[in-house]
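Visitor:
Protein chains in written order, with this note's numbering: chain V, 1 to 133; chain G, 1 to 91.
Written out as structure tokens, the structure reads:
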């Protein structure tokens, strides 16, 4: 089986990241690697560059990784990491500007279908237009 | 010449998140364009899981699968198969 694009969920809350990964993983049929980076290194609400870096390494299976940050400073943490040490990380990497839950579900389904890095990124970002009602 | 195929199934259960994901993953394997509609309503792209979820297809409703492209018949058969199974699965 060809390598699938990996997904990293970055949240201020470990529980939010893990719950979203569980949901997206199940909707995607369980064939996609979704790694989480939730909370600070000492378990509080916040984000951690080390956790994001570790999650990217876990999510990569050779086809690249799409990173979804939840809000505010998680975006900053991801950007700081990518600006500081891009050579130490597997790649290619893309950061999705997308709603967290919908973006994760759409990305997981597209990755499960064997979509390219760009297709997975686009699926996550198109979730901005998704209506619930 | 591209085929244009269509089939309709009556759901025996609600279309939950996981079967919606299975439909979109399956639809993406075909080069044909694949659309879903509920009860003759607006068509949505079956390859977009959020659109499929937004259909809110529930038990007793008719879902129409329409495909246009070189593998349209196979796409319709596959998605109808998933829809017939999907209704038996939980959320």
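Where a beta carbon is used, it is the ideal one built from N, C-alpha and C, also for glycine.
Let me confirm a value: residue 60 of chain V is counted as buried when at least 16 other C-beta atoms fall within 10 Å, else exposed. Which label applies?
Guide: buried
Visitor: Is the CB-CB distance between residue 38 of chain G and residue 55 of chain G below 9 Å?
Guide: Yes; because the gap between Cβ atoms is below 9 Å, this pair is in contact.
Visitor: What is the DSSP secondary structure of residue 87 of chain V, reduced to helix, strand or coil?
Guide: helix
Visitor: Using alpha carbons as the reference points, say which of V/37, V/66, V/56 and V/79 lies closest to residue 89 of chain V.
Guide: Minimum Cα distance to residue 89 of chain V is reached at V/56.
Visitor: Would you mind working out which of G/73, G/70, G/58 and G/65 sits nearest residue 12 of chain G, comparing C-alpha positions?
Guide: Checking every option, the nearest Cα to that of residue 12 of chain G belongs to G/58.
Visitor: Give the list of continuous beta strand (DSSP E) stretches no shorter than 3 residues that lie fully inside the stretch 41-114 of chain V.
Guide: 65-69 and 93-95
Visitor: If we call anything under 9 Å between Cβ atoms a contact, is residue 36 of chain V one with residue 8 of chain V?
Guide: yes
Visitor: Taking C-beta to C-beta, are residue 28 of chain G and residue 110 of chain V nearer than 9 Å?
Guide: yes
Visitor: Residue 21 of chain G versus chain V: which residues are under 7 Å apart at the beta carbon?
Guide: 27, 28, 29 and 109
Visitor: Between the alpha carbons of residue 125 of chain V and residue 91 of chain V, how many angstroms are there, rounded?
Guide: C-alpha separation (whole angstroms): 19 Å.
Visitor: Relative to the alpha-carbon of residue 113 of chain V, which residue among V/127, V/23, V/77 and V/31 has its alpha-carbon at the smallest distance?
Guide: V/31
Visitor: Got a sec? Which residues, its chain only, sit under 6 Å from residue 21 of chain V by beta carbon, not counting five neighbours each side?
Guide: 9, 34 and 36
Visitor: I need the straight-line Cα distance from residue 33 of chain G to residue 69 of chain G, nearest angstrom please.
Guide: 6 Å
Visitor: Going by DSSP in three states, residue 25 of chain G sits in which element: helix, strand or coil?
Guide: DSSP places residue 25 of chain G in helix when its eight states are reduced to three.
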